[in-house]
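Take a look at the structure set out below.
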Amino acid sequence: MTELEKLKASLHALPVFPLPSVLLLPYEMLPLHVFEPRYRALVRDLLESERPIGIVQRAEDESDAEGRPALEPVFGAGFIVRHEKLPDGRFHILVKGTARVRLLRELSGSNPWREVSAELVEDEPSPGFDSEAASESLRRMLFALCAARSGPGVNALAEVAARSASAGDLADVVIAALVTDEARRRRSMVDLDLGRRVEIAQTAIAELLMGPSSARPARFRN
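Given below as structure tokens:
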């Protein structure tokens with residue numbers, strides 16, 4: 012069973028980790044330090060059950076009926092792919108983003124953490140959008156980036172570009188790896204128009220190609 016299939020099977024009761032300003036984009040590797048007792052318990056449960064987790068932003072200016080911060084409706088979900096348990100019970104975990112999901116309703120239960128019912132979010136290409144042309148454009152730009160720059164991160168992008176990936180997958184990989192601007196990252200999470208997401212990815216590659224070496228994201232420096 013693939014990660015996406017496992018995620019689909021768990022969306023009826025998806026544990027979520029609400030954070031004020033953290034996104035989990037598809038294909039992103041997100042390191043987290045877990046110290047609150049309820050989320051330590053959640054990590055232990057996830058490691059035992061191999062269930063996915065949602066990383067959802069809190070809507071700080073809104074509250075639910077129980078006075079808890081409301082949850083943003085579209086967020087990322089994925090799986091813990093690496094963990095380290097510290098002697099005092101805290102965890103360092105690495106979460107890999109699998110897909111965007113949409114909150115349907117919050118569930119009530121006996122667990123100390125929050126759980127929701129959710130659904131997968133599908134792309135909504137604008138009229139006339141050519142997915143094959145977009146994916147080919149992104150591949151060409153990625154190969155140009157790999158020719159101009161070196162390093163583990165760029166090499167990983169080259170491997171993705173060499174595979175037969177959809178425009179949406181390529182855009183998500185690029186955005187997760189290259190985009191650091193929070194506004195752009197937020198747009199790429201909630202904007203379901205595939206054309207606009209491809210544009211965000213193309214802009215990120217172009218800026219990296221044209222910008223000075225010192226302006227490269229740290230993960231791409233040799």
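Numbering-wise, the sequence shown is residues 12 to 233 according to this note's numbering. Where a beta carbon is used, it is the ideal one built from N, C-alpha and C, also for glycine.
Quick check: the Cα distance between residue i and residue j, rounded to an integer number of angstroms?
{"i": "Arg198", "j": "Leu168", "result": "22 Å"}
{"i": "Val85", "j": "Pro98", "result": "35 Å"}
{"i": "Glu210", "j": "Val201", "result": "15 Å"}
{"i": "Gly65", "j": "Ala155", "result": "34 Å"}
{"i": "Arg196", "j": "Leu149", "result": "18 Å"}
{"i": "Arg62", "j": "Pro37", "result": "17 Å"}
{"i": "Ser32", "j": "Lys96", "result": "24 Å"}
{"i": "Thr109", "j": "Ala88", "result": "6 Å"}
{"i": "Arg51", "j": "Ala81", "result": "22 Å"}
{"i": "Leu203", "j": "Ser137", "result": "9 Å"}
{"i": "Leu58", "j": "Ser121", "result": "19 Å"}
{"i": "Ala194", "j": "Leu43", "result": "21 Å"}
{"i": "Ala70", "j": "Gly100", "result": "29 Å"}
{"i": "Val67", "j": "Phe90", "result": "14 Å"}
{"i": "His94", "j": "Phe46", "result": "13 Å"}
{"i": "Val132", "j": "Glu143", "result": "21 Å"}
{"i": "Ala159", "j": "Asp192", "result": "22 Å"}
What residues in its chain sit with their C-beta under 6 Å from that of residue i, if we drop five residues either side in the sequence?
{"i": "Glu117", "result": "Val127"}
{"i": "Gly179", "result": "Asp134 and Leu205"}
{"i": "Leu25", "result": "Gly65, Val127 and Ala129"}
{"i": "Met12", "result": "none"}
Grouping DSSP H, G and I as helix and E and B as strand, with all else coil, what is residue i?
{"i": "Thr214", "result": "helix"}
{"i": "Arg51", "result": "helix"}
{"i": "Arg196", "result": "helix"}
{"i": "Arg111", "result": "strand"}
{"i": "Glu95", "result": "strand"}
{"i": "Val33", "result": "coil"}
{"i": "Arg69", "result": "strand"}
{"i": "Glu117", "result": "strand"}
{"i": "Val85", "result": "strand"}
{"i": "Met12", "result": "coil"}
{"i": "Val27", "result": "strand"}
{"i": "Leu203", "result": "coil"}
{"i": "Val190", "result": "coil"}
{"i": "Ala178", "result": "helix"}
For residue i, which residues in the same chain have their Cβ closer than 7 Å to its Cβ, ignoring the five residues on either side in sequence?
{"i": "Ala215", "result": "Val185, Ile186, Leu189 and Val190"}
{"i": "Arg125", "result": "Val27, Pro29 and Glu117"}
{"i": "Phe140", "result": "Leu205 and Gly206"}
{"i": "Leu18", "result": "Pro63, Ala88, Thr109 and Ala110"}
Is it buried or exposed for residue i, if we count other Cβ within 10 angstroms and need 16 for buried?
{"i": "Phe102", "result": "buried"}
{"i": "Glu39", "result": "buried"}
{"i": "Arg208", "result": "buried"}
{"i": "Met221", "result": "exposed"}
{"i": "Met152", "result": "buried"}
{"i": "Ala182", "result": "buried"}
{"i": "Leu15", "result": "exposed"}
{"i": "Ala212", "result": "buried"}
Apart from the five residues on each side of it in sequence, which residues of its chain come closer than 8 Å, Cβ to Cβ, to residue i?
{"i": "Ala176", "result": "Ser146 and Val184"}
{"i": "Glu130", "result": "Leu22, Val112, Arg113 and Leu115"}
{"i": "Val92", "result": "Met40, Leu105, Val106 and Lys107"}
Contiguous beta strand (DSSP E) assignments of at least 3 residues, all confined to the segment 121–176: DSSP runs (the beta strand (DSSP E)) wholly in the segment 121–176: 125–131.
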